[in-house]
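Structure first, then comments.
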Amino acid sequence: MYEISTKNYFPAFKIKDQFRYKAYHSGNFKDLRQVRERLTEAQIRDIKIVSQVLPFRTNNFVVNELIDWDNPFEDPIFILNFPQKEMLSEHHYNLLASALNRKVQDKELNHIIRKIVSELNPHPGGQIDKNTPEMEGIKLNGIQHKYKETLLIFPKQGQTCHAYCTFCFRWPQFIADGSLKMETDNINMVVRYLMNHPEITDILFTGGDPLIMRTKVLENYINRILDLNLPNLISFRFGTKTLTYWPFRFLTDSDADELLRLFEKIIHRGYHLSIMAHFNHYKELRNNYVVKAIKRVQSTGALIRTQSPILNHINAEKDIWEIMLKEQTELKLIPYYMFLPRDTGAREYFKVPLVKAWMIYREAIKNVSGLSRTIRGPVMSSHFGKILFLGVSEIYDKLVSVFTMIQGRNEDWVNKPFFAEYCENAGWIDEIKPAFGEDKFFFQLNQ
Ligand code: SF4
Numbered sequence: 030m031y032e033i034s035t036k037n038y039f040p041a042f043k044i045k046d047q048f049r050y051k052a053y054h055s056g057n058f059k060d061l062r063q064v065r066e067r068l069t070e071a072q073i074r075d076i077k078i079v080s081q082v083l084p085f086r087t088n089n090f091v092v093n094e095l096i097d098w099d100n101p102f103e104d105p106i107f108i109l110n111f112p113q114k115e116m117l118s119e120h121h122y123n124l125l126a127s128a129l130n131r132k133v134q135d136k137e138l139n140h141i142i143r144k145i146v147s148e149l150n151p152h153p154g155g156q157i158d159k160n161t162p163e164m165e166g167i168k169l170n171g172i173q174h175k176y177k178e179t180l181l182i183f184p185k186q187g188q189t190c191h192a193y194c195t196f197c198f199r200w201p202q203f204i205a206d207g208s209l210k211m212e213t214d215n216i217n218m219v220v221r222y223l224m225n226h227p228e229i230t231d232i233l234f235t236g237g238d239p240l241i242m243r244t245k246v247l248e249n250y251i252n253r254i255l256d257l258n259l260p261n262l263i264s265f266r267f268g269t270k271t272l273t274y275w276p277f278r279f280l281t282d283s284d285a286d287e288l289l290r291l292f293e294k295i296i297h298r299g300y301h302l303s304i305m306a307h308f309n310h311y312k313e314l315r316n317n318y319v320v321k322a323i324k325r326v327q328s329t330g331a332l333i334r335t336q337s338p339i340l341n342h343i344n345a346e347k348d349i350w351e352i353m354l355k356e357q358t359e360l361k362l363i364p365y366y367m368f369l370p371r372d373t374g375a376r377e378y379f380k381v382p383l384v385k386a387w388m389i390y391r392e393a394i395k396n397v398s399g400l401s402r403t404i405r406g407p408v409m410s411s412h413f414g415k416i417l418f419l420g421v422s423e424i425y426d427k428l429v430s431v432f433t434m435i436q437g438r439n440e441d442w443v444n445k446p447f448f449a450e451y452c453e454n455a456g457w458i459d460e461i462k463p464a465f466g467e468d469k470f471f472f473q474l475n476q
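Be aware that the sequence shown starts at 30, since it is given in our numbering, and climbs by one per residue.
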């Protein structure tokens, strides 16, 4: 009989002091030697101001291993973690700067921050209103059931990350306002919901980052679900950026081996296990610790699929995607999605128009192997479903944008191509109109 491994997975190298996890945030980032030596006072102040609204957290691995401090403001990983002045509108930036200059009381400052947050569309895609299911008349905060086959679980202990991405659409999860949080530690409720919904085949643990949880905590959730022996259940997925932001979670953290054994256990029980890994730039793959972590995860039998939004200032270039796809395939990672950034937070800063994103996608996959072309994009994960932009075409001398839906709130919407007016600067589905004079797209009727 196959036994769950009791081996100590390679490598048994000694962790350097420098890699004991240390978080940096708006309260202590000035302690970093690199910040003191490489940033001006004005740049430091900008970070302080913007981080009043956009969550800011990085760590010693990202700072010491991934960021290029010779040129931080051109470096994608620096921009990925350190809030930039231009991420807020001039109006919002000035409001905050003036409040801080005037040294207003906390109450007034918090009021200004809350107002700005509310103006940044903190819950795009109707995440709370539309996706939170009900059971026995009660809203089940902390799970989402938008597509019939997939249940999303937001475990309470996993609603943070080893570092925060400045573009993250989950940013309201990381700020103090409890009304903007989705989380649960009520595994009994999750179990009952699963038992009542045999249409669910896939469970996605998400966050935040569920792999920030101690293995014992994660195991409690997994074991309760495994114990159900649900005949309909096929797969477990973990949405995570831990491979990039803290590879030691799979290498030398005190419960790293237990985590890998938990992966093996899930697979041994016959389930498909997929790590949905966020990689935003090929630079994140070019690190020995990250590569070792990838290999250890793969040695359990888990598959690693990769996804990223296409982001201005970070990866909005054909060459970056081409290299990233090639290097991911070399590492036996499976490219999955190129998303468009959601209409929330620092969206204007990161926005890439649909047409430009499509051109980058198209050019990037021209020169990669079929194994890398598993990536689908550019995709909008919208309130209606996952909308894929197929590209620009021409019908009777009229330029049109062509879309289809990969997944829909209503499964009948899937794979029905539809046409929109060509609009060079549109970046989201609500910025475009149907192509032939209709009032609405078919999926907007009766909404
Ligand atoms: S790791 Fe994922 S959830 Fe966490 S901040 Fe980045 S994109 Fe958001």
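Glycine included, every Cβ here is placed at the ideal spot set by N, Cα and C.
Helix, strand or coil: which one does DSSP assign to L474? As a first step, residue 474 is located in the sequence shown; it is residue number 445 there, counting from the start. It is coil, neither helix nor strand.
Rank I416, T358 and D426 by C-alpha distance to the C-alpha of E440 and give the top, closest one. As a working mapping, residue 440 is identified with position 411 in the sequence shown. Closest option to E440, Cα to Cα, is I416.
Whole angstroms is fine: what's the gap from K321's alpha carbon to A52's? For the purposes of this step, residue 321 is taken as residue 292 along the sequence shown, with counting starting at 1. For the purposes of this step, residue 52 is taken as residue 23 along the sequence shown, with counting starting at 1. Roughly 22 Å separates the two Cα atoms.
On the criterion of 16 or more Cβ atoms from any shown chain inside 10 Å, does H140 qualify as buried, or is it exposed? The residue labelled residue 140 in the question sits at position 111 within the sequence shown. Classification for H140: exposed.
Please return the same chain residues whose Cβ sits closer than 7 Å to the Cβ of M30, not counting the five positions on each side in sequence. The residue given as residue 30 occupies position 1 in the sequence shown. Here the model assigns M30 a pLDDT of 40, short of 50, so the residue's position is not dependable and the matter cannot be decided.
Go ahead and label E134 buried or exposed: buried means 16 or more other beta carbons lie within 10 angstroms of its beta carbon, across all protein chains shown. Sequence index remark: in the sequence shown, residue 134 carries index 105 (1-based). Per the sequence shown, residue 134 should be read as Gln rather than Glu. Per the 10 Å Cβ criterion, exposed.
Alpha carbon to alpha carbon, how far is G414 from F470? Give it in angstroms, no decimals. In the sequence shown, counting from the first residue as 1, residue 470 sits at position 441. In the sequence shown, counting from the first residue as 1, residue 414 sits at position 385. Each residue's Cα considered, the two are about 13 Å apart.
Could you tell me the alpha carbon to alpha carbon distance between F368 and I172, rounded to whole angstroms? What you label residue 368 is simply residue 339 of the sequence shown in a count that begins at 1. What you label residue 172 is simply residue 143 of the sequence shown in a count that begins at 1. So the two alpha carbons sit approximately 22 Å from each other.
Pair every Cβ in the region 98–118 with every Cβ in the region 181–195, then say whether three or more of these pairs are closer than 8 Å. The answer is yes - the region 181–195 touches the region 98–118, with three or more Cβ pairs under 8 Å.
Assign P446 to one of three DSSP states: helix, strand, or coil. The sequence position of residue 446 within the sequence shown is 417, counting from 1. Of the three classes helix, strand and coil, the one that applies to P446 here is coil, per DSSP.
At the level of alpha carbons, what is the spacing between M224 and E248? Reading the sequence shown from its first residue, position 195 is the one you call residue 224. Reading the sequence shown from its first residue, position 219 is the one you call residue 248. Rounded to whole angstroms, M224 and E248 show a C-alpha spacing of 19 Å.
If we ignore side chains and look at the alpha-carbon of each, how far apart do K159 and M434 end up? For the purposes of this step, residue 159 is taken as residue 130 along the sequence shown, with counting starting at 1. For the purposes of this step, residue 434 is taken as residue 405 along the sequence shown, with counting starting at 1. Per the coordinates, the alpha-carbon of K159 lies some 18 Å from the alpha-carbon of M434.
Rounded to the nearest angstrom, how far is the Cβ of H307 from that of K361, given a contact under 8 Å? Your numbering for residue 307 matches position 278 in the sequence shown. Your numbering for residue 361 matches position 332 in the sequence shown. Not really, about 17 Å apart at Cβ, beyond 8 Å.
For the ligand SF4, which residues have a Cβ under 5 Å from at least one heavy atom, in chain order? Screening all residues for a C-beta within a distance smaller than 5 Å of any heavy atom in the ligand SF4 leaves C190, Y193, C194, C197, R199 and K270, in chain order.
L238 versus W275: straight-line alpha-carbon distance, rounded: One-based indexing of the sequence shown puts residue 238 at position 209. One-based indexing of the sequence shown puts residue 275 at position 246. Checking the sequence, you will find Asp at residue 238 rather than Leu. D238 and W275 have their C-alpha atoms roughly 11 Å apart.
Quick one: what's I167 bridged to in DSSP? The residue labelled residue 167 in the question sits at position 138 within the sequence shown. In DSSP, I167 forms a bridge with M164.
Determine the burial state of F102: buried for a count of at least 16 other Cβ atoms within 10 Å of its Cβ, exposed for fewer. As a first step, residue 102 is located in the sequence shown; it is residue number 73 there, counting from the start. Exposed, by the Cβ-count rule.
Supposed close pair A345, I389 - CB separation, criterion 8 Å: On the sequence shown, position 316 is the one that residue 345 refers to. On the sequence shown, position 360 is the one that residue 389 refers to. Indeed, because the Cβ distance is near 6 Å, the residues count as touching under 8 Å.
For a test of the three-state rule: what should DSSP assign to N217, helix, strand or coil? In the sequence shown, residue 217 corresponds to position 188, counting from 1. In the displayed model, N217 falls within a helix according to three-state DSSP.
Would you kindly work out how many angstroms separate the C-alpha atoms of S264 and E359, rounded to a whole number? For this step, residue 264 is matched to residue 235 along the sequence shown. For this step, residue 359 is matched to residue 330 along the sequence shown. One C-alpha to the other measures close to 25 Å.
Do V431 and G437 have their beta-carbon atoms positioned less than 8 Å apart in this structure? Walking along the sequence shown from the start, residue 437 turns up at place 408. Walking along the sequence shown from the start, residue 431 turns up at place 402. No. Outside cutoff.
Output the boundary residues of the alpha helix (DSSP H) element that contains R290. Position 261 of the sequence shown holds residue 290. It spans A285 to H297 - the alpha helix (DSSP H) in which R290 sits, taken as one unbroken run.
Take P112 as the anchor and find which of E94, V79 and F234 has the nearest alpha-carbon. Here residue 112 corresponds to residue number 83 of the sequence shown, with the count starting at 1. Here the closest residue by C-alpha is V79.
Could you tell me the distance, in whole angstroms, from the CA atom of T87 to the CA atom of N93? Sequence index remark: in the sequence shown, residue 87 carries index 58 (1-based). Sequence index remark: in the sequence shown, residue 93 carries index 64 (1-based). Distance between T87 and N93, taken at the CA atoms: about 11 Å.
With DSSP run on the structure shown, which of helix, strand or coil describes Y31? Residue numbering aside, residue 31 sits at position 2 when the sequence shown is read from its first letter. Unreliable placement is indicated for Y31, whose pLDDT of 43 sits below 50; the coordinate value is still reported in the next sentence. Under the three-state reduction of DSSP output, Y31 falls in the coil class, being neither helix nor strand.
Out of curiosity, what's the CA-to-CA distance linking Y222 and K59? By one-based count along the sequence shown, residue 222 stands at place 193. By one-based count along the sequence shown, residue 59 stands at place 30. Distance between the alpha carbons of Y222 and K59: 46 Å.
Beta-carbon spacing of I349, I333 below 8 Å: Position 320 of the sequence shown, counting from 1, holds the residue named residue 349. Position 304 of the sequence shown, counting from 1, holds the residue named residue 333. I333 is positioned such that its CB atom lies no closer than 8 Å to that of I349.
Determine the direct distance from the alpha carbon of P260 to that of S337, and round the result to whole angstroms. Numbered from its first residue, the sequence shown carries residue 337 at position 308. Numbered from its first residue, the sequence shown carries residue 260 at position 231. In this structure, the straight-line span from the alpha carbon of S337 to that of P260 is close to 32 Å.
My understanding is that Y366 touches G406, with C-beta atoms under 8 Å, so please give their C-beta distance in whole angstroms. Along the sequence shown, one-based indexing puts residue 366 at 337. Along the sequence shown, one-based indexing puts residue 406 at 377. Yes, they are in contact, since the Cβ atoms of Y366 and G406 sit about 6 Å apart, within 8 Å.
With a CB to CB cut of under 7 Å and the five nearest residues on each side skipped, what residues in its chain are close to S398? For this step, residue 398 is matched to residue 369 along the sequence shown. Contacts found: T358.
For I106, which three-state DSSP category applies? Start at 1 with the first residue of the sequence shown, and residue 106 comes out as number 77. Assignment of I106 by DSSP, reduced to helix, strand and coil, places it in the helix class.
Excluding the 5 residues preceding and the 5 following L95 in the sequence, name in chain order all residues of the same chain whose CB lies nearer than 8 Å to its CB. Reading the sequence shown from its first residue, position 66 is the one you call residue 95. Excluding sequence positions up to five before and after L95, its CB lies within less than 8 Å of the CB of I106, T273, K312, E313 and N316, all in the same chain and listed in chain order.
Straight-line gap, K294 to H174 (C-alpha atoms, nearest Å): Within the sequence shown, numbered from 1, the residue matching residue 294 stands at position 265. Within the sequence shown, numbered from 1, the residue matching residue 174 stands at position 145. The alpha-carbon atoms of K294 and H174 are separated by roughly 26 Å.
At 4 residues or longer, and completely inside the region 247–275: list those alpha helix (DSSP H) runs for me, N to C. Counting only runs of 4 or more, we get 271–274.
Residues bridged to K132 by DSSP? Here residue 132 refers to the residue found at position 103 when the sequence shown is read from its first residue. Its beta-bridge partners do not exist; DSSP assigns none.
Please return the same chain residues whose Cβ sits closer than 8 Å to the Cβ of V64, not counting the five positions on each side in sequence. Working through the sequence shown from its first residue, we reach residue 64 at position 35. The residues are F58 and I73.
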